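Per the numbering used here, residue 26 is the first one in the sequence shown, and the count goes up by one each step.
Reading through the structure tokens given below for one structure.
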Amino acid sequence: MSSTFCLEEEKNRIITIIEKVPDLVTENKNLCEEVNYWKNKFVTLQEEVNNHYNAAIYNYELCMKYETKVTELTKSLQNMDAKTKEMSEEYTKKEQKMNEESNQKITELNNKINQLEEKIVLLNEEKEKLLADISSAKTRGKDQEVESKDQFSVLESNDKEKHTPIQQQNEPKQEEITNETNENTPEEAKELEKIVNEKKSNDAMKIIEKLGGIKALAKNTNLNNMSWSYNPKEDGLFEVIIFCSDKSCSFIAVYNSQEMNVEENQPYCQTSNDHFCIFDLPAGSYEIFAYNDESLENIGYSKITFN
């Protein structure tokens, strides 16, 4: 009886142990599922790692590219700064040079303007002097005429007082002499002026012939040292007074503008006296040239028109 009890206890103990032993199939299945889970988890993690790795490589390459670009842009900015500085310095130098040149030109122009103003003043003074001389000459002619009349009046008075009969006989002759004297005084002045102008014209033509003739006269219309004025005369002509401000002026030639290009066209010519000449010209347009007797180039030019 005792043996039977022991066997029963051993049996129960073994059954208890067997019950405690897990089911290997179930356990194996669970282990397989867990292994598959972790395997899938590993694959997922591996993909994530690969993605992160690829992203890191891409970002690194992108950073390197941007770094290269930034380096290039930095160098470009440095070059631009250097170029800007160089251009700024060059511009400053050019601006200073231009300002100096502008100031110099302004000074030169102001000097020229002052010279021209002085020349204009001198020309006006010469013109006034010339007109005064002409007016004085005309006045002297009139004074001489009046003086002659006065002298004849005195003679007539004396004759009337002392020799009335003789005066009555000689009165027609005396009147004839008076009229002749009155008429001849301005005529003599005109004749004298004509002779002087002809001599000046002949002297001018001799100079022209010495220089090579009419064809040799150079006409440079870029010069302008001339001034002129005119007065109408009773004979229909115009008394034209021409003045050249160049002190080296030797003679002045006057061409009719319509006939200027005609070959061997004979101009009006006169040697200058105190830098001016007086011409008696018909109405029209003319071109005037001042010359030096030692050069073929003209030293003064202007166009004139009067009618």
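Even glycine gets a Cβ: it sits at the ideal position worked out from N, Cα and C.
All values reported here derive from a predicted model rather than from experimental measurement.
When the Cα atoms are used, phenylalanine 304 and lysine 119 turn out to be separated by approximately 55 Å.
Spatial neighbours of cysteine 302 in its own chain (CB-CB distance under 6 Å, excluding positions within 5 residues in sequence) are listed in chain order as Ile267, Ile277, Gln295. Inter-residue distance for glutamate 153 and threonine 132 is about 31 Å (C-alpha atoms, whole angstroms). In the displayed model, aspartate 106 falls within a helix according to three-state DSSP. Following the DSSP letters along the chain, one finds aspartate 260 in no beta strand (DSSP E), marked with neither H nor E. Straight-line measurement puts the Cα of cysteine 57 at about 10 Å from the Cα of threonine 51. With a contact defined as Cβ atoms closer than 8 Å, serine 310 and serine 282 qualify at about 4 Å. The DSSP-derived three-state label of glutamine 291 is coil. Beta-bridge annotation (DSSP): threonine 330 is paired with Ser310.
DSSP places asparagine 281 in the uninterrupted beta strand (DSSP E) bounded by 276-281. Secondary structure of serine 101 (DSSP, three-state): helix. Counting C-beta atoms within 10 angstroms of its own C-beta, lysine 225 has 16 or more neighbours from the protein chains shown and is therefore classed as buried. Counting every other CB atom within 10 Å of its CB across the protein chains shown gives glycine 325 a total of 16 or more, marking it as buried. Between the alpha carbons of lysine 36 and valine 68 lies a distance of about 49 Å. Between leucine 306 and phenylalanine 263 the beta-carbon gap is near 6 Å, inside 8 Å, which marks them as a contact.
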